[in-house]
Amino acid sequence: MGRPERLTPERQERFLKAIHAGSFPEVAAAYAGFSSASYYRYMHGASRQHATFRREVVRAQSELELELVGRITLEAASNPQWAWVFLQRRFSKRWGPGANPEPDLAD
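Per the numbering used here, the very first residue in the sequence shown carries number 21; after that it's consecutive.
Laid out in structure tokens, this is it:
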């Protein structure tokens, strides 16, 4: 018989809570009670449980990103510095260092 599965529902919940709070996966794994190596094994595993875990991790990361982008966007409405930072990072080809946000009207 193999080792007992360490990805219990309780550990998965703790891991997802840490991810949603912004932790790196390795830190979240330690918080949840399993190793970084186990995290990567779960993320690449073929079992139904591993596939569900992968979907939940992606969902938690997406929710965090949407929440943070929303905060930045709201702040940008009242603080031009946040708008500038957002444009430089999100649309770096047009707004990043050395870019010209003006369209070329010579054509």
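Using N, Cα and C, we set each Cβ at its ideal position, and we do this for glycine too.
Asked	Found
Note the first and the last residue of the continuous alpha helix (DSSP H) segment covering Gly90.	Arg68 to Ser98
Terminal residues of the continuous alpha helix (DSSP H) containing Phe35?	Pro29 to His40
To the nearest angstrom, report how far apart Ala57 and Pro45 are at their CA atoms.	11 Å
Could you please give the first and the last residue of the uninterrupted alpha helix (DSSP H) stretch that includes Ser112?	Ser112 to Trp115
If you measure between the beta carbons of Arg68 and Ala52, is that distance less than 8 Å?	no
Would you check if the distance between the CB atom of Leu84 and the CB atom of Gly42 is smaller than 8 Å?	yes
Can you give me the C-alpha to C-alpha distance between Ser55 and Ala48, rounded to a whole angstrom?	9 Å
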